[in-house]
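Under this note's numbering, the first residue of the sequence shown is numbered 2, with each subsequent residue one higher.
Note that the Cβ used here is the ideal one computed from N, Cα and C, for glycine as well.
For reference, the structure is listed below as structure tokens.
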Amino acid sequence: MEEIIESKRTSWPVMESFYTIQGEGHYSGRAAYFIRTGGCDVGCVWCDVKESWEAGDHPDTSLETLLKGVNDTATDFVVITGGEPAMYPIETLVSALQEQGIEVAIETSGCYPLDAKVDWYCFSPKKFKAPVEEAYEKANELKVVIFNKHDFKWAEEHAAKANADCLLYLQPEWSKEAQMLPLIIDYVKENPKWKISLQTHKYMNIP
Ligand code: SF4
Numbered sequence: 002m003e004e005i006i007e008s009k010r011t012s013w014p015v016m017e018s019f020y021t022i023q024g025e026g027h028y029s030g031r032a033a034y035f036i037r038t039g040g041c042d043v044g045c046v047w048c049d050v051k052e053s054w055e056a057g058d059h060p061d062t063s064l065e066t067l068l069k070g071v072n073d074t075a076t077d078f079v080v081i082t083g084g085e086p087a088m089y090p091i092e093t094l095v096s097a098l099q100e101q102g103i104e105v106a107i108e109t110s111g112c113y114p115l116d117a118k119v120d121w122y123c124f125s126p127k128k129f130k131a132p133v134e135e136a137y138e139k140a141n142e143l144k145v146v147i148f149n150k151h152d153f154k155w156a157e158e159h160a161a162k163a164n165a166d167c168l169l170y171l172q173p174e175w176s177k178e179a180q181m182l183p184l185i186i187d188y189v190k191e192n193p194k195w196k197i198s199l200q201t202h203k204y205m206n207i208p
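Now the structure itself:
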């Protein structure tokens, strides 16, 4: 795949980019500029951004354009999400942002090796495609979406492989939140190494 071996990439398919508040995970509540790449082959049945899946549906966007978008805001934090952003070499984008003093996080399913040194690696494994081993080493945060009660065991299997410093979060799948949140609350009380992540941006009605 051309995208994988091309190391000095300077444009990427981007579905959208916007300045908002990070709603979930460790940085929940922090102002963040989101860059959502297009293209994902993981195929989660409950995916809430299915329109991101086809890379060709999204315009190739230059590094210059992306930096301008970031610099038009007051942000000090960029989240690169998707889609699956690790499908592409993003080192040039990450380095250019960091050179401007901006912290860079990635949200990834961990299914592809990542060529860049990000400041925060949020690893959200999915049942539909296996992660690569490096995801467990790089993860600063393991965020497991709980869709049904069997997912707690699945979450523990991933936690057992994650590095010792990795923070652990359980997040109810949005459409199952009413059923799953009470189970997650009980589970976290019994297993306090985990914390709860909620999609607070959906409560705030922001992107
Ligand atoms: Fe959707 Fe993310 Fe799953 Fe891809 S990895 S299908 S973008 S939820």
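Near the ligand SF4: residue 85 beta-carbon under 7 Å from a heavy atom: yes
CB contact flag (residue 141, residue 123, <8 Å): yes
Terminal residues of the alpha helix (DSSP H) in which residue 190 lies: 178 to 191
Straight-line gap, residue 200 to residue 24 (C-alpha atoms, nearest Å): 5 Å
Residue 196 - DSSP class collapsed to helix/strand/coil: strand
Ranges of the beta strand (DSSP E) found wholly within the segment 99 to 160, counting only runs of at least 3: 104 to 109, 121 to 124 and 142 to 147
Residues near residue 195 in its chain [Cβ-Cβ closer than 6 Å; skip 5 each side]: 169, 171 and 189
Rounded separation between residue 98 and residue 104 - CA only: 7 Å
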